[in-house]
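In what follows, a single structure is set out as structure tokens and then discussed.
Number of protein chains: 2
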Amino acid sequence: MGGSSRRGERTDRDEPVSKAVVSRLSLYLRELQQLIRDGQETISSTQLGALLGFTDAQVRKDLATFGQFGHPGIGYRCHELIPVIRTILGTSESWRVALLGVGNLGRALVGYKGFRKQGFELVAGFDLDPNQLETGEGQQPSLGGGAEAIPIYPISELATVVRQQGIRMAMLAVPAAAAQSVADQAVAAGIDGILNFAPVTLNLPEHVRCIGVDLAIELEQLAFAVVNNANKA
Amino acid sequence: MGGSSRRGERTDRDEPVSKAVVSRLSLYLRELQQLIRDGQETISSTQLGALLGFTDAQVRKDLATFGQFGHPGIGYRCHELIPVIRTILGTSESWRVALLGVGNLGRALVGYKGFRKQGFELVAGFDLDPNQLETGEGQQPSLGGGAEAIPIYPISELATVVRQQGIRMAMLAVPAAAAQSVADQAVAAGIDGILNFAPVTLNLPEHVRCIGVDLAIELEQLAFAVVNNANKA
Numbered sequence: 001m002g003g004s005s006r007r008g009e010r011t012d013r014d015e016p017v018s019k020a021v022v023s024r025l026s027l028y029l030r031e032l033q034q035l036i037r038d039g040q041e042t043i044s045s046t047q048l049g050a051l052l053g054f055t056d057a058q059v060r061k062d063l064a065t066f067g068q069f070g071h072p073g074i075g076y077r078c079h080e081l082i083p084v085i086r087t088i089l090g091t092s093e094s095w096r097v098a099l100l101g102v103g104n105l106g107r108a109l110v111g112y113k114g115f116r117k118q119g120f121e122l123v124a125g126f127d128l129d130p131n132q133l134e135t136g137e138g139q140q141p142s143l144g145g146g147a148e149a150i151p152i153y154p155i156s157e158l159a160t161v162v163r164q165q166g167i168r169m170a171m172l173a174v175p176a177a178a179a180q181s182v183a184d185q186a187v188a189a190g191i192d193g194i195l196n197f198a199p200v201t202l203n204l205p206e207h208v209r210c211i212g213v214d215l216a217i218e219l220e221q222l223a224f225a226v227v228n229n230a231n232k233a
Numbered sequence: 001m002g003g004s005s006r007r008g009e010r011t012d013r014d015e016p017v018s019k020a021v022v023s024r025l026s027l028y029l030r031e032l033q034q035l036i037r038d039g040q041e042t043i044s045s046t047q048l049g050a051l052l053g054f055t056d057a058q059v060r061k062d063l064a065t066f067g068q069f070g071h072p073g074i075g076y077r078c079h080e081l082i083p084v085i086r087t088i089l090g091t092s093e094s095w096r097v098a099l100l101g102v103g104n105l106g107r108a109l110v111g112y113k114g115f116r117k118q119g120f121e122l123v124a125g126f127d128l129d130p131n132q133l134e135t136g137e138g139q140q141p142s143l144g145g146g147a148e149a150i151p152i153y154p155i156s157e158l159a160t161v162v163r164q165q166g167i168r169m170a171m172l173a174v175p176a177a178a179a180q181s182v183a184d185q186a187v188a189a190g191i192d193g194i195l196n197f198a199p200v201t202l203n204l205p206e207h208v209r210c211i212g213v214d215l216a217i218e219l220e221q222l223a224f225a226v227v228n229n230a231n232k233a
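Those protein sequence lines, which keep their order, are chains U and B.
For the first sequence, my numbering gives the first residue as 1, with consecutive numbering after it.
For the second sequence, my numbering gives the first residue as 1, with consecutive numbering after it.
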């Protein structure tokens, strides 16, 4: 690590921000949030890079794309940089998110603690047949406990609920065979961002953003790390 | 989007392979696999880059790190490049993977189709109390249907099963409060790669590789895409 070329330090304001930079911003944000929890107020680009396996030049270059945030002799102030990154990412205000599909994966997502903390609120779930969920007689079907419980609606009510609740994003957690059809309904309902857990490529209109979650990629990255670690030892 | 600097094309064999390169290899692999399914035999670096939002120079540079795979006037041959990338990633032979925790997330992971296809075989699950699973009287508790069904063991049998089954990797899908303790047991049992779904940072020995899956990061990337798309429109 360290010892990167100086070339990396030029600013890049005129170029479009690459996916790689945006994904590193999320990683910086997580580390800064952890530092605050650990009681650390400031961090140098070298330290921040070291936590993530990046060079100091990479960190400085990424952040310099958006402005001057470092302080000479101090580094970055965590409390200062966190809202900056959240503003860049678009998560300084919270997003209302719909869950499409309430099978095992959908239930796991309802229970996932990491969303709300980062500005994403699951406000409604949808399924072909919400009445399959165990609920009291005549009660609105729901999933999750306490403050995290969300109502589950039949998918036929998607457009109405999306409009009423100001939902713009959806997590698609239906079986692969249903994914395109449910995505089409989400788009028709006004959703313009889809996090797709189904292992299929969706055909979507130009204006809709979609990110596919491919868990096998994470395992591949782990395989590489295990093999290359083993080879070193 | 095209027009990158030529600088990106030098080879980098002397430098350690960065996480960013390794993660792009997974993305190239997925696109190549999809191309084959679509009946396309070859692809240029420009086309491959365009599918993923990278420049042609980035694609050529990444692959040149490992050798010369392009053919003048043809580009890359999909059938030739796929096994090369799998060998680099360490997934040319399949990995035997344990599932730790069989709650909603664990069940969703058992049903996830994407693992086996990429060389990861879930061979055993572990839980504090496998007998909570609905199984026939006196039968080995199991999860999943048909060929994908995996036996579920009490966590106390982890070391024995890991040794017997030649398991090196585990997916950690237990609640946050139990994650460190279960990870410690996995390490003691000989696991040297952990895919951590629990939203906590694990303290692990130096020789163990760990990748954390942070689903909020995917949502943040989607938020950025939605906001910046909206701003453009």
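Glycine included, each C-beta is placed from N, C-alpha and C at the ideal position.
Task: 7 Å Cβ cutoff met for PHE66 of chain B and ILE88 of chain B - done: yes
Task: Own chain, CB closer than 6 Å to ILE211 of chain U, minus 5 neighbours either side, in chain order - done: LEU195
Task: Residue burial classification, PRO205 of chain B (beta-carbon count within 10 angstroms, cutoff 16) - done: exposed
Task: Beta-carbon neighbours of TYR112 of chain B, restricted to chain U and to distances below 7 Å - done: LEU215
Open item on the list: Within the continuous alpha helix (DSSP H) that includes ASP214 of chain U, where are the two ends?
Closed with: Per DSSP, ASP214 of chain U belongs to no alpha helix (DSSP H) and is neither H nor E.
TODO: Give the DSSP-derived three-state secondary structure of TYR112 of chain U in the structure shown.
DONE: coil
- [ ] Compare the C-alpha of PRO151 of chain B against each of B:LYS117, B:THR201, B:ILE36 and B:ALA98 and name the closest.
- [x] B:ALA98
Task: CB contact check: ARG62 of chain U to chain B, cutoff 7 Å - done: Per the sequence presented here, residue 62 of chain U reads as Asp, with Arg not at that position. No, ASP62 of chain U lies away from the interface with chain B (no Cβ there is under 7 Å from its Cβ).
Task: Exposure label - PHE224 of chain U; buried when at least 16 CB within 10 Å - done: buried
TODO: Out of B:VAL123, B:ALA177, B:ASP56 and B:LEU128, state which residue places its alpha-carbon closest to the alpha-carbon of GLN165 of chain B.
DONE: B:VAL123
Open item on the list: At the level of alpha carbons, what is the spacing between GLN34 of chain B and THR46 of chain B?
Closed with: 17 Å
Task: Spatial distance of PHE126 of chain U from GLY114 of chain U (CA atoms) - done: 21 Å
Open item on the list: Just to confirm the assignment: which complete alpha helix (DSSP H) runs, minimum length 4, are found wholly within the segment 59-127 of chain U?
Closed with: 78-89, 104-111 and 114-117
- [ ] Count the other CB atoms, across all protein chains shown, that sit within 10 Å of the CB of ARG10 of chain B; report buried if there are 16 or more and exposed otherwise.
- [x] The pLDDT assigned to ARG10 of chain B is 37, lower than 50, so where the model puts this residue is not dependable, and the model offers no usable value.
Open item on the list: For ALA225 of chain B, would you say it is in contact with chain U, using Cβ-to-Cβ distances shorter than 7 Å as the test?
Closed with: yes
Open item on the list: Let me check understanding here. Comparing Cα to Cα, which of U:ALA216, U:GLU220, U:VAL227 and U:ARG209 lies closest to VAL226 of chain B?
Closed with: U:ARG209
Task: Pairwise C-alpha distance: ILE74 of chain B and SER44 of chain B - done: 7 Å
Task: Extent of the continuous alpha helix (DSSP H) to which ALA20 of chain U belongs - done: 19-37
TODO: Check the Cβ-Cβ distances between GLY39 of chain B and every residue of chain U, and say whether any is below 7 Å.
DONE: no
Open item on the list: Classify GLN58 of chain U: buried if its beta carbon has 16 or more other beta carbons within 10 angstroms, exposed otherwise.
Closed with: buried
Task: Collapsed DSSP secondary structure at ARG168 of chain B in the structure displayed - done: coil
Open item on the list: Looking at chain B, is there any beta carbon in it that lies within less than 7 Å of the beta carbon of LEU219 of chain U?
Closed with: yes
Open item on the list: Between GLY151 of chain B and chain U, is the shortest Cβ-Cβ distance under 7 Å, so that the two count as touching?
Closed with: A small correction: the amino acid at residue 151 of chain B is Pro; Gly does not occupy that position in the sequence shown. Cβ-Cβ to chain U under 7 Å: no for PRO151 of chain B.
TODO: Measure the CB-CB distance between LEU215 of chain U and LEU100 of chain U and report whether it falls below 7 Å.
DONE: no
Task: Residue range of the beta strand (DSSP E) that includes LEU195 of chain B - done: 193-196
Open item on the list: Can you tell me where the alpha helix (DSSP H) holding ASP184 of chain B begins and where it ends?
Closed with: 176-188
Task: Rounded C-alpha distance that separates ALA170 of chain B from SER181 of chain B - done: 14 Å
Open item on the list: Just list the residues that DSSP pairs THR42 of chain U with in beta bridges.
Closed with: U:ARG77
Task: Stretch-stretch touch, CB-based, cutoff 8 Å, three pairs: the segment 152-159 of chain B with the segment 175-192 of chain U - done: no
Open item on the list: Classify SER26 of chain U: buried if its beta carbon has 16 or more other beta carbons within 10 angstroms, exposed otherwise.
Closed with: buried
- [ ] Quickly, what does DSSP pair LEU143 of chain B with across the bridge? List them, please.
- [x] B:ILE150
Task: ALA179 of chain B, buried or exposed, once every other Cβ within 10 Å from all chains shown has been counted against 16 - done: buried
- [ ] On the DSSP bridge assignment, give the partners of ARG209 of chain U in chain order.
- [x] U:GLY193
- [ ] Determine the DSSP secondary structure at ASN203 of chain U, reduced to helix, strand or coil.
- [x] coil
- [ ] Work out the CA separation of HIS79 of chain U and GLN139 of chain U for me, nearest whole Å.
- [x] 44 Å
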